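Working notes, beginning with the structure itself.
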Amino acid sequence: MALVSGASRGIGREIARQLAQQGVSVYAGVRKQKPTAFSPDRSSTVSSYREIELDVTQAGSVDAATSRILEGSGRIDILVNNAGVSDGDHDALQLDPDKFREVMDVNVLGAWRLSEAVVPAMIRNNYGRIVNVSSTLGSLHHLNRPSEPAYRISKAAVNALTRVFATRLDGTGILVNAASPGWVRTDLGGPNAPRSVQQGADTPVWLATLPPDGPSGGFFYDRAPLEW
Ligand SMILES: NC(=O)c1ccc[n+]([C@@H]2O[C@H](COP(=O)([O-])OP(=O)(O)OC[C@H]3O[C@@H](n4cnc5c(N)ncnc54)[C@H](OP(=O)(O)O)[C@@H]3O)[C@@H](O)[C@H]2O)c1
Numbered sequence: 002m003a004l005v006s007g008a009s010r011g012i013g014r015e016i017a018r019q020l021a022q023q024g025v026s027v028y029a030g031v032r033k034q035k036p037t038a039f040s041p042d043r044s045s046t047v048s049s050y051r052e053i054e055l056d057v058t059q060a061g062s063v064d065a066a067t068s069r070i071l072e073g074s075g076r077i078d079i080l081v082n083n084a085g086v087s088d089g090d091h092d093a094l095q096l097d098p099d100k101f102r103e104v105m106d107v108n109v110l111g112a113w114r115l116s117e118a119v120v121p122a123m124i125r126n127n128y129g130r131i132v133n134v135s136s137t138l139g140s141l142h143h144l145n146r147p148s149e150p151a152y153r154i155s156k157a158a159v160n161a162l163t164r165v166f167a168t169r170l171d172g173t174g175i176l177v178n179a180a181s182p183g184w185v186r187t188d189l190g191g192p193n194a195p196r197s198v199q200q201g202a203d204t205p206v207w208l209a210t211l212p213p214d215g216p217s218g219g220f221f222y223d224r225a226p227l228e229w
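Taking this note's numbering, the leading residue of the sequence shown gets 2, the next gets one more, and so forth.
If you want it as structure tokens, here you go:
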């Protein structure tokens, strides 16, 4: 059983689709459910793909979504913290505190809230894979351009969150890793990005399905370690 946040479109939707195609039962977290039933690919034989309402900034929404899944199945084996927003091109010398709070609330606290909500069930089941969709823009090593300051800081925090959770959950059977999808053609990435959503989703899906001896506490791009 997998839960993917921010799966209404973009990379999250593709991560959910690829997991479902691998036979994983997937809950695609969306802020607003559409009136008609959603299928990621109506021609495919994807059997278990459901949408569930999930706004990661709302504790009540996080509780309601995770409780509903756990009441139904007793487990969430995979959590992909994918929901993300950016402050866009923004001068780091002109802080917009409200924008900064919004970006941190979705990207960092959202991932934290959702992880906290699913970890107890993962511990009970001695199994879990948590994937935080981060960004190369959040790598301190690569943090050498001034654009999107709130977004970059938030993704650096997502990387730190990954290490904190990986350390906290060491030995529990739960592997926690961060992934950079690269620059991907989505609403967030824009039309000029060189990578497709399929390419962007590949590393998160790989991390979501790691074997028991897989890494934990790492940061990966194209299935290879990336500098923090
Ligand atoms: N595209 C890139 O080049 C790129 C590069 C590096 C990292 N990333 C990361 O990849 C992830 C996905 O990005 P994307 O390019 O697919 O972006 P996108 O197309 O803009 O999609 C963003 C997703 O996040 C959801 N979302 C926003 N706020 C939310 C909230 N409060 N609660 C739940 N869901 C929320 C959106 O839902 P709604 O439809 O309801 O708005 C949407 O499903 C993000 O974490 C992003 O930072 C992207």
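A virtual CB, placed ideally from N, CA and C, is assigned to each residue, including glycine. Since the model is a prediction, treat every value here as computed from it, not as a measurement.
CB-CB length for residue i against residue j, believed under 8 Å
i      : j      : result
ASN83  : GLY7   : 5 Å
VAL159 : VAL109 : 6 Å
PHE220 : LEU208 : Contact flag wrong, Cβ pair sits at about 10 Å.
Nonlocal neighbours in the same chain, by C-beta distance under 6 Å from residue i, ignoring five residues either side
i      : result
LEU80  : LEU4, VAL119 and ILE131
SER74  : MET2
MET123 : GLY129 and ILE175
GLU228 : SER140 and HIS142
SER45  : Reliability fails at SER45, whose pLDDT of 46 lies under 50, so the model's placement of it is uncertain and the value that follows must be treated cautiously. Once the five neighbours on either side are set aside, SER45 has no close Cβ partner at all.
Check: residue i C-beta below 8 Å from any heavy atom of ligand 1
i      : result
TYR152 : yes
LYS156 : yes
VAL109 : no
ARG14  : yes
VAL3   : For the sequence presented, residue 3 should be read as Ala rather than Val. Incorrect: ALA3 has no Cβ contact closer than 8 Å to ligand 1.
ASP56  : yes
GLY183 : yes
LYS35  : no
VAL206 : no
CB of residue i within 9 Å of CB of residue j, strictly
i      : j      : result
GLY111 : THR58  : yes
ASP188 : THR204 : no
GLY30  : LEU55  : yes
ASP90  : GLU149 : yes
VAL206 : SER197 : no
**Prompt:** Using 8 Å as the threshold, is the stretch 19-26 in touch with the stretch 96-105, meaning 3 or more CB pairs across them?
**Reply:** Short answer: they don't touch.
**Prompt:** Would you call the stretch 178-192 and the stretch 132-145 touching, i.e. three or more CB-CB distances under 8 Å?
**Reply:** Yes: the two stretches touch, three or more of their Cβ pairs being nearer than 8 Å.
**Message:** Under 8 Å: do the stretch 153-172 and the stretch 186-194 share three or more Cβ pairs, one atom per stretch?
**Reply:** These segments do not touch.
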